[in-house]
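**Q**
2 protein chains.
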Amino acid sequence: MSGFFSSRWVEVPGHVSEAPDAGLPPGFRAGGVACGIKPSGALDLGLLVCDSEACTSAARFTRSGVLAAPVLVTKEHARLNALRAVVVNSGNANAATGQQGIDEAARMQGAAALAGRVGEDQVAVASTGVIGVQLPGDDIIKGLHRCREQLRADGDAEFATAIMTTDKGTKRASLSVELPGGTVRLTGQAKGAGMMQPNFATMLCFVQTDAVLSAETADLLLGVCVKRSFDRISVDGQLSTNDTVILMCSGESGVAVAPESDAERAFGEALDALLRQLAIMIVADGEGSKRIGRVIVYGGAEGPVRTTAYAVANSPLVKTALHGGDPNWGRIAQAIGGALLDADPLALDIAIEGVQVCVAGTAVDFDRSDLEARMAREEVEFVIGLAGSGWETEVLFADLGHEYVTINAEYTT
Amino acid sequence: MSGFFSSRWVEVPGHVSEAPDAGLPPGFRAGGVACGIKPSGALDLGLLVCDSEACTSAARFTRSGVLAAPVLVTKEHARLNALRAVVVNSGNANAATGQQGIDEAARMQGAAALAGRVGEDQVAVASTGVIGVQLPGDDIIKGLHRCREQLRADGDAEFATAIMTTDKGTKRASLSVELPGGTVRLTGQAKGAGMMQPNFATMLCFVQTDAVLSAETADLLLGVCVKRSFDRISVDGQLSTNDTVILMCSGESGVAVAPESDAERAFGEALDALLRQLAIMIVADGEGSKRIGRVIVYGGAEGPVRTTAYAVANSPLVKTALHGGDPNWGRIAQAIGGALLDADPLALDIAIEGVQVCVAGTAVDFDRSDLEARMAREEVEFVIGLAGSGWETEVLFADLGHEYVTINAEYTT
Numbered sequence: 019m020s021g022f023f024s025s026r027w028v029e030v031p032g033h034v035s036e037a038p039d040a041g042l043p044p045g046f047r048a049g050g051v052a053c054g055i056k057p058s059g060a061l062d063l064g065l066l067v068c069d070s071e072a073c074t075s076a077a078r079f080t081r082s083g084v085l086a087a088p089v090l091v092t093k094e095h096a097r098l099n100a101l102r103a104v105v106v107n108s109g110n111a112n113a114a115t116g117q118q119g120i121d122e123a124a125r126m127q128g129a130a131a132l133a134g135r136v137g138e139d140q141v142a143v144a145s146t147g148v149i150g151v152q153l154p155g156d157d158i159i160k161g162l163h164r165c166r167e168q169l170r171a172d173g174d175a176e177f178a179t180a181i182m183t184t185d186k187g188t189k190r191a192s193l194s195v196e197l198p199g200g201t202v203r204l205t206g207q208a209k210g211a212g213m214m215q216p217n218f219a220t221m222l223c224f225v226q227t228d229a230v231l232s233a234e235t236a237d238l239l240l241g242v243c244v245k246r247s248f249d250r251i252s253v254d255g256q257l258s259t260n261d262t263v264i265l266m267c268s269g270e271s272g273v274a275v276a277p278e279s280d281a282e283r284a285f286g287e288a289l290d291a292l293l294r295q296l297a298i299m300i301v302a303d304g305e306g307s308k309r310i311g312r313v314i315v316y317g318g319a320e321g322p323v324r325t326t327a328y329a330v331a332n333s334p335l336v337k338t339a340l341h342g343g344d345p346n347w348g349r350i351a352q353a354i355g356g357a358l359l360d361a362d363p364l365a366l367d368i369a370i371e372g373v374q375v376c377v378a379g380t381a382v383d384f385d386r387s388d389l390e391a392r393m394a395r396e397e398v399e400f401v402i403g404l405a406g407s408g409w410e411t412e413v414l415f416a417d418l419g420h421e422y423v424t425i426n427a428e429y430t431t
Numbered sequence: 019m020s021g022f023f024s025s026r027w028v029e030v031p032g033h034v035s036e037a038p039d040a041g042l043p044p045g046f047r048a049g050g051v052a053c054g055i056k057p058s059g060a061l062d063l064g065l066l067v068c069d070s071e072a073c074t075s076a077a078r079f080t081r082s083g084v085l086a087a088p089v090l091v092t093k094e095h096a097r098l099n100a101l102r103a104v105v106v107n108s109g110n111a112n113a114a115t116g117q118q119g120i121d122e123a124a125r126m127q128g129a130a131a132l133a134g135r136v137g138e139d140q141v142a143v144a145s146t147g148v149i150g151v152q153l154p155g156d157d158i159i160k161g162l163h164r165c166r167e168q169l170r171a172d173g174d175a176e177f178a179t180a181i182m183t184t185d186k187g188t189k190r191a192s193l194s195v196e197l198p199g200g201t202v203r204l205t206g207q208a209k210g211a212g213m214m215q216p217n218f219a220t221m222l223c224f225v226q227t228d229a230v231l232s233a234e235t236a237d238l239l240l241g242v243c244v245k246r247s248f249d250r251i252s253v254d255g256q257l258s259t260n261d262t263v264i265l266m267c268s269g270e271s272g273v274a275v276a277p278e279s280d281a282e283r284a285f286g287e288a289l290d291a292l293l294r295q296l297a298i299m300i301v302a303d304g305e306g307s308k309r310i311g312r313v314i315v316y317g318g319a320e321g322p323v324r325t326t327a328y329a330v331a332n333s334p335l336v337k338t339a340l341h342g343g344d345p346n347w348g349r350i351a352q353a354i355g356g357a358l359l360d361a362d363p364l365a366l367d368i369a370i371e372g373v374q375v376c377v378a379g380t381a382v383d384f385d386r387s388d389l390e391a392r393m394a395r396e397e398v399e400f401v402i403g404l405a406g407s408g409w410e411t412e413v414l415f416a417d418l419g420h421e422y423v424t425i426n427a428e429y430t431t
């Protein structure tokens, strides 16, 4: 499949196909306006509404110790299993803004409820942008009033644009999914991440379907798929104060996704493919990334396997080597050794794009020019073996190049 | 004091003065040769010998889970409290080289013992350079033969040059220290760090004195001072496979540094100033660093205080902001929140170069142009307050600029 599913690291099931111009699933409308937060005049306020009263939902949020006001308001004052609207602004994160920030996020929630004709406690609020600056609340209220007029079944393009900060393009998909009981639609819009510009941050992702899911099933599937997608990516090891993922199910198709059914498995596979591809797009767009890496780690214990994967993915030396297409695997050994203190000797196996370079902690001969050619690919896979077996994890990560420095150091605020 | 002690973050006691051209303390000789590891023909093999049979010593090593062969050989086959020689090569780390690497490190130890006329178990071996390539042992043996002819009391300059990889210059000092019982000499040579070139790594530091210290006192003082210097720096969060610090005491001055004496305190202060300044020089030279940062964290619990300090020091967003002189403190809040998961709300105080920007987790007004001027200094201090009191730590760190990327990505191997 061409188009949206561009990564070889996403398995696209046979029952999933793209429906690029089909807009949102039945039951959903969305839109976006420019309310004046972005000095450029670009779209910076999005609203997405589900017209079905039976809408179920599930949500996941950042675990940062510094939670942004919209995250706090959504977690504490919204029914996360029955959300019917999401309101999102870009250009201002409404984080580290104290009680005034909380009040503004609550006001934004109330105005979105009016605009979408849903209950206040059915609105999720999300923000992305500069930390430590108060939100221009009046502009947002006025903007929502205008946005209400523009809600359309094919408004996902405007919505996806309004949540962007410095993403190179929108990240969205519109899929058809054949389930045993009939065909359903599955759409998603994401933005970020990786602090792509000094003041802009955050990963946001919103997913809609017209399949019939209980809130429990939605929560279960979202949890599993987030763990395999957004929980497995790293642009620069930096967790945002605002990350939010929301799945909403209008049920308009009448096609049921019952617990532990074939339909649940099939829907889960589609959701998994969607979120993994969106996550990979975020990594690829992260920070002027030239190529992206995937580190897969095997071993006998969960802790070291996980630690190793993140140590490799977040090592600036591994990331710059990936950027330069340099098969300098000594840096991988160094990064792992630095993360697993006092663990010498590590019986470390390392392979890059299928070429074994280190066995049981010792260098082995390999064809260097062949490996250099493989390292020049757009997607480069690193497979690490620790002692033992039974545990496995992966992390998808961006390289580290000049554009990251330029964006984050030179364009000062 | 000008010259060596250039950082405002080092307290130079009144009883310490520079003795720039005085060479090594009595009892020590050193030298360096080019043995052919570096293609450039630069010095790449150093030998330092203590002629006093009463020499005491102390050592500290990397805790990496991937230990280089010289570290293993030195830890397992040398009397760390009675070392009389160190042999160091640059250009090859002899790491991830298996049994052959161990054999070569042991051969290097034996050849250095012959050259220095000391016992094999009194020789420390250190290497720095590319990981995963076998050491050219024959070249080293021949080099040591030549090096033996060149050992001189003022050979510390050659020795300091021979241990360099891509350091911009040597990092060394020759100090006079007035103790209650008389004046002693204290010299040190360091290299690194921060993987300044794709294949070169490692922090090495060798310190000599003619004061009389028991091995226990040497170990105690070295341990305390390393914790306050090399344990508190981070160029890129990457721990080397080869880090080694060795203190040797010839006792030739006859001036005793007895346990719990005024002399011990005075000697400790001098050693502390020496190691802190060398550590700061390593950070400043790290990777084309333009300015260096110091983060000081206060709080009520050891874990969060330490985690916060390293999260700020190793955040690529904080490091690029430091490089750009951008007082974007939201990134500091983000880095801390990302490190202290599920800890919201954090009563976070943040000050930059004396300017308070965040109180109890909420933005406060400040004079932006004033703060920008302060951020343009060569040394920038960040003070973070967490809830509670009783714990404090600091980390000194390098910024992240284009040269890091250029050095680590573009000059591929």
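Chains as they are written, first to last, in the working numbering: chain H, 19 to 431; chain X, 19 to 431. Note that CB positions come from ideal geometry on N, CA and C, so glycine has one too. Keep in mind it's a predicted model, so treat the numbers as computed, not measured.
#1: Are the C-beta atoms of T201 (chain X) and some chain H residue less than 8 Å apart?
#2: Using the C-alpha atoms, what's the distance from P154 (chain X) back to V225 (chain X)?
#3: Grab the span of the alpha helix (DSSP H) containing C243 (chain X) for me, first residue to last.
#4: For K56 (chain H), which three-state DSSP category applies?
#5: With a threshold of 8 Å between beta-carbons, can Q256 (chain X) be considered close to chain H, or not?
#6: Give the range of the alpha helix (DSSP H) segment to which M266 (chain X) is assigned.
#7: How about the segment 199-211 of chain X and the segment 82-89 of chain X: do they share at least three Cβ pairs that are nearer than 8 Å?
#8: So, does the segment 138-157 of chain H touch the segment 94-111 of chain H, judging by three or more C-beta pairs under 8 Å?
#9: Quick one: does H95 (chain H) have its CB under 8 Å from some CB of chain X?
#10: Three-state secondary structure (DSSP) at F248 (chain X)?
#11: Sorted by chain position, which residues of the same chain lie with C-beta nearer than 7 Å to A72 (chain H)'s C-beta, five sequence neighbours on each side aside?
#12: Since Q374 (chain H) meets chain X, which of its residues come closer than 8 Å, beta carbon to beta carbon?
#13: List, in order along the chain, the chain X residues whose C-beta lies closer than 7 Å to that of A361 (chain H)?
#14: For F79 (chain H), which residues of its own chain have a beta-carbon under 7 Å away from its beta-carbon, when the five flanking residues on both sides are left out?
#15: Are the CB atoms of T326 (chain H) and I402 (chain H) within a distance shorter than 8 Å?
#16: Which residue spans inside the segment 64-138 of chain X form an unbroken alpha helix (DSSP H) run of at least 4?
#17: Quick one: list the residues of chain H neighbouring V313 (chain X), beta-carbon separation under 9 Å, in chain order.
#18: Quick one: what does DSSP say P216 (chain X) is sitting in, helix, strand or coil?
#19: Less than 8 Å between CB atoms is the rule here; does N110 (chain H) satisfy it with respect to chain X?
#20: What residues match up with F46 (chain H) in a beta bridge as DSSP calls it?
#21: According to DSSP, is A144 (chain X) part of a helix, a strand, or is it coil?
#22: For the segment 378-398 of chain H, list every residue whose C-beta sits within 7 Å of some C-beta in chain X, in sequence order.
#23: Quick check on K186 (chain H): buried or exposed, where buried means 16 or more other Cβ atoms within 10 Å of its Cβ?
#24: Which one or two residues does DSSP pair with D367 (chain X) in a beta bridge?
#25: The alpha helix (DSSP H) spanning I300 (chain X) covers which residue range?
#26: Is the Cβ of G286 (chain H) closer than 8 Å to any Cβ of chain X?
#27: For G356 (chain H), go through chain C and note every residue whose CB falls closer than 9 Å to its CB, in chain order.
#28: Could you tell me whether any Cβ in chain H is nearer than 8 Å to the Cβ of G419 (chain X)?
#29: Flag S35 (chain X) as yes if its beta-carbon sits less than 8 Å from any beta-carbon of chain H, otherwise no.
#30: Does the segment 402-416 of chain H touch the segment 364-377 of chain H, meaning 3 or more C-beta pairs lie closer than 8 Å?
#31: For my contact list, A48 (chain X) and G64 (chain X) are in at a C-beta cut-off of 8 Å; report their separation, rounded to the angstrom.
#32: Applying the 10 Å Cβ sphere with the 16-neighbour rule, what's the burial state of G321 (chain X)?
#33: Where does R395 (chain H) fall in DSSP's three states?
#34: For the beta strand (DSSP E) holding A357 (chain H), just list the boundary residues, first then last.
#35: Please go through the same chain and pick out, in chain order, the residues whose beta-carbon is closer than 6 Å to the beta-carbon of C68 (chain H), but skip the five residues on each side of it.
#36: Output the distance between the C-alpha atoms of G356 (chain H) and V275 (chain H), rounded to the nearest integer angstrom.
**A** Let's see:
#1: Residue 201 (chain X) sits at position 183 when you count from the first residue of the second sequence. So, not an interface residue.
#2: For the purposes of this step, residue 225 (chain X) is taken as the residue at position 207 of the second sequence. For the purposes of this step, residue 154 (chain X) is taken as the residue at position 136 of the second sequence. When only Cα atoms are considered, V225 (chain X) and P154 (chain X) end up about 27 Å apart.
#3: The residue labelled residue 243 (chain X) in the question sits at position 225 within the second sequence. In the DSSP assignment, C243 (chain X) falls within the unbroken alpha helix (DSSP H) covering A233 to K245.
#4: Position 38 of the first sequence, counted from the first residue, corresponds to residue 56 (chain H). K56 (chain H) falls in the coil class under three-state DSSP.
#5: Position 238 of the second sequence holds residue 256 (chain X). Taking Cβ atoms only, chain H reaches closer than 8 Å to Q256 (chain X), which makes this a yes.
#6: By 1-based counting over the second sequence, the position of residue 266 (chain X) is 248. That residue, M266 (chain X), is in no alpha helix (DSSP H); its beta strand (DSSP E) goes T262 to C267.
#7: Under the 8 Å Cβ criterion, the segment 199-211 of chain X does not count as touching the segment 82-89 of chain X, having fewer than three qualifying pairs.
#8: Touching, yes, given that three or more Cβ pairs across the two stretches are closer than 8 Å.
#9: If you number the first sequence from 1, residue 95 (chain H) lands on position 77. Interface with chain X (8 Å Cβ-Cβ cutoff): H95 (chain H) is excluded.
#10: Translated into the one-based positions of the second sequence, residue 248 (chain X) becomes position 230. In the structure shown, the three-state DSSP call for F248 (chain X) is helix.
#11: For the purposes of this step, residue 72 (chain H) is taken as the residue at position 54 of the first sequence. In the same chain as A72 (chain H), and ignoring 5 residues on each side of it, the C-beta atoms closer than 7 Å to its own belong to G269, in chain order.
#12: For the purposes of this step, residue 374 (chain H) is taken as residue 356 along the first sequence, with counting starting at 1. Near Q374 (chain H) there are no residues of chain X at all, since even the closest Cβ is about 13 Å away, more than 8 Å.
#13: On the first sequence, residue 361 (chain H) is found 343 positions in, with the first residue counted as 1. Correct list: G83.
#14: Numbered from its first residue, the first sequence carries residue 79 (chain H) at position 61. Cβ contact annotation for F79 (chain H) (same chain, cutoff 7 Å, sequence separation greater than five): V89, K93, D261 and T262, in chain order.
#15: Indexing the first sequence from 1 puts residue 402 (chain H) at position 384. Indexing the first sequence from 1 puts residue 326 (chain H) at position 308. Against a cut-off of 8 Å, the Cβ pair of T326 (chain H) and I402 (chain H) comes out as a contact.
#16: Secondary structure in the segment 64-138 of chain X: the alpha helix (DSSP H) runs of 4 residues or longer, each lying completely within the stretch, are 87-95 and 116-134 in chain order.
#17: Within the second sequence, the letter at position 295 stands for residue 313 (chain X). Within 9 Å Cβ-Cβ: nothing; V313 (chain X) doesn't reach chain H, min ~16 Å.
#18: As a first step, residue 216 (chain X) is located in the second sequence; it is residue number 198 there, counting from the start. Only weak support is given to the placement of P216 (chain X): the predicted model assigns it a pLDDT of 33, under 50, and the question is left unresolved by the model.
#19: If you number the first sequence from 1, residue 110 (chain H) lands on position 92. Proximity of N110 (chain H) to chain X, defined by a Cβ-Cβ separation below 8 Å, is not satisfied.
#20: For the purposes of this step, residue 46 (chain H) is identified with residue 28 of the first sequence, where counting begins at 1. DSSP output for F46 (chain H) lists H:C68 as bridge partner(s).
#21: Residue 144 (chain X) sits at position 126 when you count from the first residue of the second sequence. DSSP places A144 (chain X) in strand when its eight states are reduced to three.
#22: Per Cβ criterion, the list reads G379, T380 and A381.
#23: Here residue 186 (chain H) is taken as the residue at index 168 of the first sequence, counted from 1. K186 (chain H) counts as exposed, since fewer than 16 other C-beta atoms from the protein chains shown sit within 10 angstroms of its C-beta.
#24: By one-based count along the second sequence, residue 367 (chain X) stands at place 349. Per DSSP, X:G403.
#25: Here the question's residue 300 (chain X) lines up with position 282 in the second sequence. Judged by DSSP secondary structure, I300 (chain X) falls within the alpha helix (DSSP H) whose first and last residues are D280 to D303.
#26: Looking up residue 286 (chain H) in the first sequence gives position 268. False, the Cβ-Cβ gap to chain X never drops below 8 Å.
#27: Protein chains H and X are contained in the structure displayed, whereas chain C is not.
#28: Locating residue 419 (chain X) in the second sequence gives position 401, counting from the first residue. Answer yes: the Cβ-Cβ gap between G419 (chain X) and chain H drops below 8 Å somewhere.
#29: The count along the second sequence starts at 1 and reaches residue 35 (chain X) at position 17. No - not a single Cβ of chain H is within 8 Å of the one on S35 (chain X).
#30: Contact check between the segment 364-377 of chain H and the segment 402-416 of chain H: three or more CB pairs, one atom from each, fall below 8 Å, which counts as touching.
#31: As a working mapping, residue 48 (chain X) is identified with position 30 in the second sequence. As a working mapping, residue 64 (chain X) is identified with position 46 in the second sequence. Confirmed, Cβ separation roughly 7 Å.
#32: Reading the second sequence from its first residue, position 303 is the one you call residue 321 (chain X). Around the Cβ of G321 (chain X), a 10 Å sphere holds fewer than 16 other Cβ atoms; the residue is exposed.
#33: Stepping through the first sequence from its first residue, residue 395 (chain H) is reached at position 377. Note: R395 (chain H) maps to coil in three-state DSSP.
#34: The residue you call residue 357 (chain H) lines up with position 339 of the first sequence. Counting along the chain, no beta strand (DSSP E) covers A357 (chain H); the unbroken alpha helix (DSSP H) around it starts and ends at G348 to A357.
#35: Here residue 68 (chain H) refers to the residue found at position 50 when the first sequence is read from its first residue. Excluding residues within five positions, the ones whose Cβ falls inside 6 Å are G45, F46, R102, M266 and S268.
#36: The residue you call residue 356 (chain H) lines up with position 338 of the first sequence. The residue you call residue 275 (chain H) lines up with position 257 of the first sequence. Taking C-alpha positions only, G356 (chain H) is separated from V275 (chain H) by approximately 46 Å.
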